[in-house]
Amino acid sequence: MLKSRKRARGRSNDKRLSASRSTTSNRTTTSSKNQNAVGIPSSGTSTVFLDLPVGMRISIFNYLGGTHEERIILSLVSKQTYEDCKRPGIERKIIPTIVITPRAPLRFQHRLGKAQASTRALLQQFFHNAVQDNETYMKLRRYPHMKVNDVDKFDYIFEEEVASIFRFDSRKMDWILSLDISISPTTPCWKVEDSRSLPNILATMLPNLREIDLSNACITRLKCFSFRCPYLEKVTWKNIDKDSCVELDGCNMRYSNNLKEIIMDDSEFVYDQRVKDTISNLENYGNNFIFHYCSEALERVSIRNAKVCEKLTRDEPTVAIPQNALVKFVLNAPSSLRWFRSDLTQENLDMLKLERPKIECRN
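Its first residue numbered 1, the sequence shown is counted upward by one per residue in the working numbering.
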C-alpha cells in the first residue's frame, strides 16, 4: 500500500515537472519571439558581421561615421574591429589622444562644497613628464590630440604659483596639434570662468595648436590662444555665452593669421557702438565686417542661429545678427572663402549666389 502511494506521488511529481518544463518552454519561446519583435540581435549577429569581407566592413564603418569617441569605442569591441579601425581604407582615423580627467582630493573644496581638482598637481605632473621622466616624455610625443574632461572642475591658481611650478622655457608639448576642452551645455557659466587658469596654461604649453574646441565653455581666453598659438587653423566654439565677450568683428582672434575655419553656431557675440554702426553699412566702411580682424585666410565659416548684443549692455536681450552684416561679410570676404552658413534669408541667398558664385552660402 505504501509503495503504491509512493508510485502515485512519483507519477504526480513527474506530471508537475513535465507541466513546469512545458510552461518554461512556452515562456522561453514567447520571450524569444518578443526579443525578435523589438529587434534585439541574436548572439550570432557579431559573428555574422565579422565574417563579412574586409572591404565591406570598412565601407560600413565609413558609412556610419560617428564621433572620435564613438570610433574609439568601436575599436574596443573586438580584436578584429580594432584591426579594422587601423586599415588604410578607413576615412576617419582614430587619433591617439592624451585624456586629462580631474581627480578631486578632499582637501580642495569648492565654494559651494563640491570638491575641485588640483591644477597644481596637474602642473607638477606635466613638469615631471617634461623634464624628469624622459621615457614617458617620448611616449607622450606619439599623441597629437589632447582632451580635457570637465575643465570647470579644476581650481584657480595665480600666475606666480604657475611660474614657481613650471618653467615655460623648458620642454613644451609642441607636438600637440588639437585641443578639446568643450564641456556640457548645462554647466553654469561662472564655474568655467572660475577655472580659467588651466585654459590659460594650456595656451602657453601647446604653441603649435592647429585646432581647438571650446564649445559651451564660458571663458574669456580666446585672445590668449590666438596670441600664444599662432598656427591656429580651426576654432570651434558652439554656444558661446555673451559673458565670454567674443567680438563679432573677430578682434579676439586678431593674431590668428592662418585661421581657415570658424564654427560658432548658436552663439552670443558682442560689439561696441562703433562696430554696430559700421558693420552693417553696405555703402561705407568697406574694411569693417564680421571677423574682419581674422579673415585673411578663411575658407569655412558657420554662425547659424547666432545673436549679438552691445558689450556695455549685456544684461539686455540679444538680437539676431542684422541681415546687412551677413551680406556685407560675403561681399567683402577674402578670395579664399568657399562656404558660409548663417541665418541669411532666402532672398539674400539668391542675391549672393549671383554676386559671389564661388561661395556656397547656406542657412
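Where is the CB? At the ideal position from N, CA and C, for every residue including glycine.
Just so we're clear, the structure is a prediction, and the values are computed from it rather than from any experiment.
Contact between I165 and S197 is absent: CB atoms are separated by about 12 Å, not below the 8 Å threshold. Contact between the stretch 272–288 and the stretch 297–304 is absent, with fewer than three C-beta pairs closer than 8 Å. Closest in C-alpha terms to F227, from the list Y255, F340, T187, comes Y255. Straight across, the Cα-Cα distance linking P88 with S118 is about 41 Å. Take the alpha-carbon of M253 and the one of T67: they are about 27 Å apart. Here L177 has P144, H145, N208, L209, R210, E211 as same chain residues with Cβ atoms under 8 Å from its own Cβ, once five neighbours each way along the sequence are excluded. DSSP places R341 in the strand class (E or B) of the three-state scheme. Counting along the chain, the unbroken alpha helix (DSSP H) around K223 starts and ends at 222–228.
Contact between the stretch 147–156 and the stretch 91–101 is present, with at least three C-beta pairs closer than 8 Å. One thing to note: V308 has its Cβ within 7 Å of the Cβ of I321. The Cβ neighbour count for M205, taken over all protein chains shown within 10 Å, is at least 16; the residue is labelled buried.
Annotation: T236 is outside any alpha helix (DSSP H); the continuous beta strand (DSSP E) that includes it extends over 234–236. One thing to note: D249 has its Cβ within 7 Å of the Cβ of V275.
At a cut-off of 4 residues, the continuous stretches assigned as alpha helix (DSSP H) that sit fully inside the stretch 247–309 are 273–278.
Ranking N305, Y82, K86 by CA distance to the CA of F340 puts N305 first.
Closest option to V131, judged by alpha-carbon separation, among F154, M173, T97: M173.
Proximity to K234 across E261, V246, C245, F225 peaks at E261, based on C-alpha coordinates.
Straight-line measurement puts the Cα of N363 at about 8 Å from the Cα of T345. The straight-line gap separating the alpha-carbon atoms of T186 and L122 is approximately 25 Å. For K86, no alpha helix (DSSP H) segment is defined, and its DSSP state is neither H nor E.
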